[in-house]
Amino acid sequence: MNIILHDLSGHLTFAPLTLTRPVGKLRTGMWTNEERWQFYCPQATISFMTKDYLSEKYSANITKDNLWVNAAVIPTNELVKNITDLKKGESLYINNAFIAYRGEEYLPVKPKSSAKANIIILENRWDIYQKNDQILAKDFQAYTAGKKSQAISDTNTIIGDAKRIFLEKGAKVECAILNVSDGPIYVGKNAEIMEGSIVRGGLIMLEESILKIGSKIYGATTIGPHCRVGGEVNNSIFQGYSNKGHDGFIGNSVIGEWCNLGADTNCSNLKNNYGNVKTYNYFLRELEQTNVQFMGVMMGDYSKTSINTMINTASVIGVCANIFMSGFPPKYVADFSWGGEPSAPVYELASAYESIHAMMQRRHQELTDEDKRILAYLYP
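According to my numbering, the residues represented by the sequence shown are 56 to 435, in order.
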């Protein structure tokens, strides 16, 4: 089976996260949609239809028979069956939204009637955290079915059903408070929750990640692989390889890969007047009014904040921005901003590469030539 995850209009819908990756590589719940499809269809080949400048790294494997799938749709057992049952030339629309098409080329024809079903589609970037609770619960249930958790140390305090806690091999959790009344807790291979941490599920914490001493985590939160997280976090997603190692608050936010939040970085997730927020729209290139009350920060890959950074409600920070300034940065910080001010100089590309290389070496990773060409394309 050949599955191609199609960005559709999602490239800018989910920016800045999708400036450096296809929509199918966005992490929600336990997995990216690429990983989710691989879980449900282990024999399938998964590739991406995305922007040209991303396609060198994330290319489409087009054959005579392809399943073209909306990359923003969260697959489940039932939905996967409906999609894989499609015959050549058939399309699947649910609730008037395009879901999938089977054929050599991407030529979907909307059927006369659209099916009705409860499915999860990411329609904008704040859906990544707003729908994380539903996605996380479904992923946890699907993945842990029939599997046995590592034993939970009796130094921990558990509130709720201990069966909703799953520890992978090598996971370490000691002297923590784990409340699974509202959602499950998953701790990945060789991940660690340090002493004094208080966790209210749902929480997905992937391999090699660490919750620092005294962390306070509210669901629904996903901490991607190889992250270091401390302080207070509420309903947020760290894509992976990012650090928030000290005190400070992040809520209703999505943090890209290879980001570093300096000590006491705080974001506001609610306006003082309790009103709905305005946030940056990449299509309009200006702030737009939303119907969302709680929104923190959306941060692109490789961006960093200095100590004591204050981030305004519903802020958008682009790729490879470096923020160090007094007061609040603007609600939109451009890619490669050196400082954060609208008039800030541009971060030199060679210096950015050096900084990223130094950070990646600490996790035994390398900045590839393909990654460099993606960053060079985005460079202003």
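Positions of the beta carbon are idealized from the N, C-alpha and C atoms, including for glycine.
Runs of the beta strand (DSSP E) lying entirely within the segment 314-345, each at least 3 residues long, are 333-336, 341-344 in chain order. Counted as a single uninterrupted DSSP element, the stretch harbouring Leu162 is not any alpha helix (DSSP H), since DSSP gives it neither H nor E.
For Thr118, same chain residues with a beta-carbon under 8 Å away, outside a window of 5 residues either side, are Asn57, Glu159 in chain order. Rounded to whole angstroms, Arg82 and Pro385 show a C-alpha spacing of 26 Å.
Listed as beta-bridge partners of Val352 by DSSP are Ser370.
In the structure shown, the three-state DSSP call for Met104 is strand.
Contact annotation: the segment 202-222 does not touch the segment 375-383, with fewer than three C-beta pairs closer than 8 Å. Here the alpha carbon of Ile174 sits roughly 28 Å from the alpha carbon of Val254. The DSSP-derived three-state label of Ala399 is coil. If you compare the alpha carbons of Pro435, Leu433, Glu425 with that of Glu111, the shortest gap goes to Glu425. In this structure, Gly257 places its C-beta atom within 8 Å of the C-beta atom of Asp188. In this structure, Val332 places its C-beta atom within 8 Å of the C-beta atom of Thr368. When rounded, the separation of the alpha-carbon atoms in Ala99 and Val347 is 37 Å. Between Asn132 and Tyr184, the CB-CB gap reaches or exceeds 8 Å. Taking 8 Å as the cut-off, the beta carbon of Cys282 is found closer than this to the beta carbon of Tyr296. For Ala155, the three-state secondary structure derived from DSSP is strand. Residue environment: Val124 is assigned as buried (16 or more neighbouring CB atoms within 10 Å of its CB, all protein chains considered). Per DSSP, Thr277 is one residue of the beta strand (DSSP E) stretching across 276-278. The residue among Phe221, Ala192, Ile207 with its C-alpha nearest the C-alpha of Gly201 is Phe221. Rounded to whole angstroms, Thr68 and Asp62 show a C-alpha spacing of 10 Å.
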